[in-house]
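Residues 3 to 426 (the numbering used here) are what the sequence shown spells out, left to right.
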Amino acid sequence: MWPAYGGCHHGAVPSLPDGDPAPHDGALPPSSADQVGRSPLGIYLHVPFCTTRCGYCDFNTYTAAELGSADGPPGAGRATWATGALRELDLATEVLGPRAPAVSTVFVGGGTPTLLDPADLVAAVEGIRARFGLAEDAEVTTEANPDSVTPESLATLAAGGFTRISLGMQSAVPGVLATLERTHDPANVARAVAAARQAGLAVSLDLIYGTPGESLADWRTSLESALALEPDHVSAYGLTVEEGTKMHAQVRRGELPLPTGDDEADKYELADELLTAAGYGWYEISNWARTPADRCRHNLAYWRGDDWWGVGPGAHSHVAGTRWWNVKHPAAWAARLAEQRSPAAARELLTGEQSHDERVLLGVRLVDGLPVTELSAEARSRVAGLISDDLVEGRAAIGGRVVLTRRGRLLADTVVHQLLVGEG
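Right under this line is the structure:
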């Protein structure tokens, strides 16, 4: 029922094959190298450190205990992350060459990026500015745990070029946070928002619904608490219990109940109702913004297929149809860069069919929708049926675009299947 493609700020893609070996120098194939500069360029910086591992998380993150010490192996810990990031940015300048445009967006994700000294995050942004330049209106975001920021650290980030912060609120209900194994104090969300405002940063709040045991009333409490803080942007993602996580094992043993599809649908509809009533407009299935200017431009670049370079352990990149992904462990990433080798583990050159399928998969998630001209004749013939099933807006289709209704957003995977099945 639920389209699982939500973690876009981590440079994720719907599914990755094993890929082909990546060259040690990171050089792009000629077909992609010739296209550098024709799309906007974003930089994603992955900071893979957390104080504790949440039971639901399957991101490429590490606690101090998992790394073996407070800082981890040589070159792989918090104190040396910035050194590795700058080395990978050096590689990026060599690979992309002089035609690379000024960077439009920067997104620092994790993990908990704000566990680092804020000066290290600023140094990474300055490194981007020195190597590529930053567009005059560049959007520069960091994720943060509400307990990991202070008025002083946020002021340092703002002075160093950050424009936006994405706070991992997740829930306002202590019992739900406990099930998620989130350690922050709910009261610190309001403090962090106030401090971010004081520093001049735009604020986004991340919420999760569908936690085992969460009631609809719990979810309403979280939404109303978030709206009371008047953020510029809200992300609300349905929890996916990933295989291999602690929570998956708890569900398998019967210790935690999985929410039903109807429960998740009710919670999504409640989110859309409350956010819309408060003046927020959806622009991607799981994202709402107060105004179009408040939309996350970095994530929009992912969904539109622009170019981005992912810096850090396990980070993913895409430039002009070539996609690659770095080795996951911080020690391996740092070691390759110290040897002046690309940290890429593997890569793939997208076929025309793959590129088309991803344009459909991602384009329909956006409020602007997908141009009907992107579809095959067979797929276009199915649009009328999707309108009849209240999955696609009729007025938008007459105007030449496939735009999801609220019901269509709930069943986006069904719409994508209808638009892709039988093609190719």
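Note that CB positions come from ideal geometry on N, CA and C, so glycine has one too.
Hey, quick one: how far does the beta strand (DSSP E) through residue i stretch, first residue to last?
i: residue 142; result: 136-146
i: residue 112; result: 105-112
How far does the alpha helix (DSSP H) with residue i in it reach, from first residue to last?
i: residue 355; result: 354-365
i: residue 412; result: 408-412
i: residue 312; result: First-last for residue 312: 309-313, but that is the beta strand (DSSP E), not the alpha helix (DSSP H).
i: residue 301; result: 299-306
i: residue 397; result: 396-400
i: residue 270; result: 263-279
i: residue 1; result: It is not possible to answer for residue 1, since the shown part of the chain is limited to 3 through 426.
Does residue i come out as helix, strand or coil in the three-state DSSP assignment?
i: residue 207; result: strand
i: residue 229; result: helix
i: residue 190; result: helix
i: residue 119; result: coil
i: residue 321; result: strand
i: residue 237; result: strand
i: residue 46; result: strand
i: residue 166; result: strand
i: residue 127; result: helix
i: residue 351; result: strand
i: residue 177; result: helix
i: residue 74; result: Bear in mind that the predicted position of residue 74 carries a pLDDT of just 48, short of 50, making it unreliable; the figure below should be weighed with that in mind. DSSP places residue 74 in coil when its eight states are reduced to three.
i: residue 342; result: coil
Could you tell me if residue i is buried or exposed, where buried requires 16 or more neighbouring beta carbons within 10 angstroms of its beta carbon?
i: residue 248; result: exposed
i: residue 83; result: buried
i: residue 423; result: exposed
i: residue 182; result: buried
i: residue 296; result: buried
i: residue 357; result: exposed
i: residue 287; result: buried
i: residue 234; result: buried
i: residue 300; result: buried
i: residue 226; result: exposed
i: residue 318; result: buried
i: residue 167; result: buried
By Cβ distance, which residues of its chain are closer than 8 Å to residue i, with the 5 residues on each side in sequence left out?
i: residue 165; result: 140, 141, 142, 143, 203 and 204
i: residue 330; result: 62, 315, 316 and 347
Can you find a C-beta in chain D that's less than 7 Å from the C-beta of residue i?
i: residue 319; result: The question asks about chain D, but that chain is absent: this structure has only one protein chain.
For the putative contact between residue i and residue j, defined by C-beta atoms under 8 Å, what is the C-beta separation to the nearest angstrom?
i: residue 107; j: residue 170; result: Not quite, the Cβ-Cβ distance comes to about 20 Å (not below 8 Å), so this is no contact.
i: residue 24; j: residue 326; result: 5 Å
i: residue 398; j: residue 371; result: 6 Å
In chain order, what residues of the same chain lie with their CB nearer than 7 Å to the CB of residue i, ignoring the 5 residues before and after it?
i: residue 410; result: 393, 394 and 417
i: residue 274; result: 284 and 408
i: residue 320; result: 309 and 310
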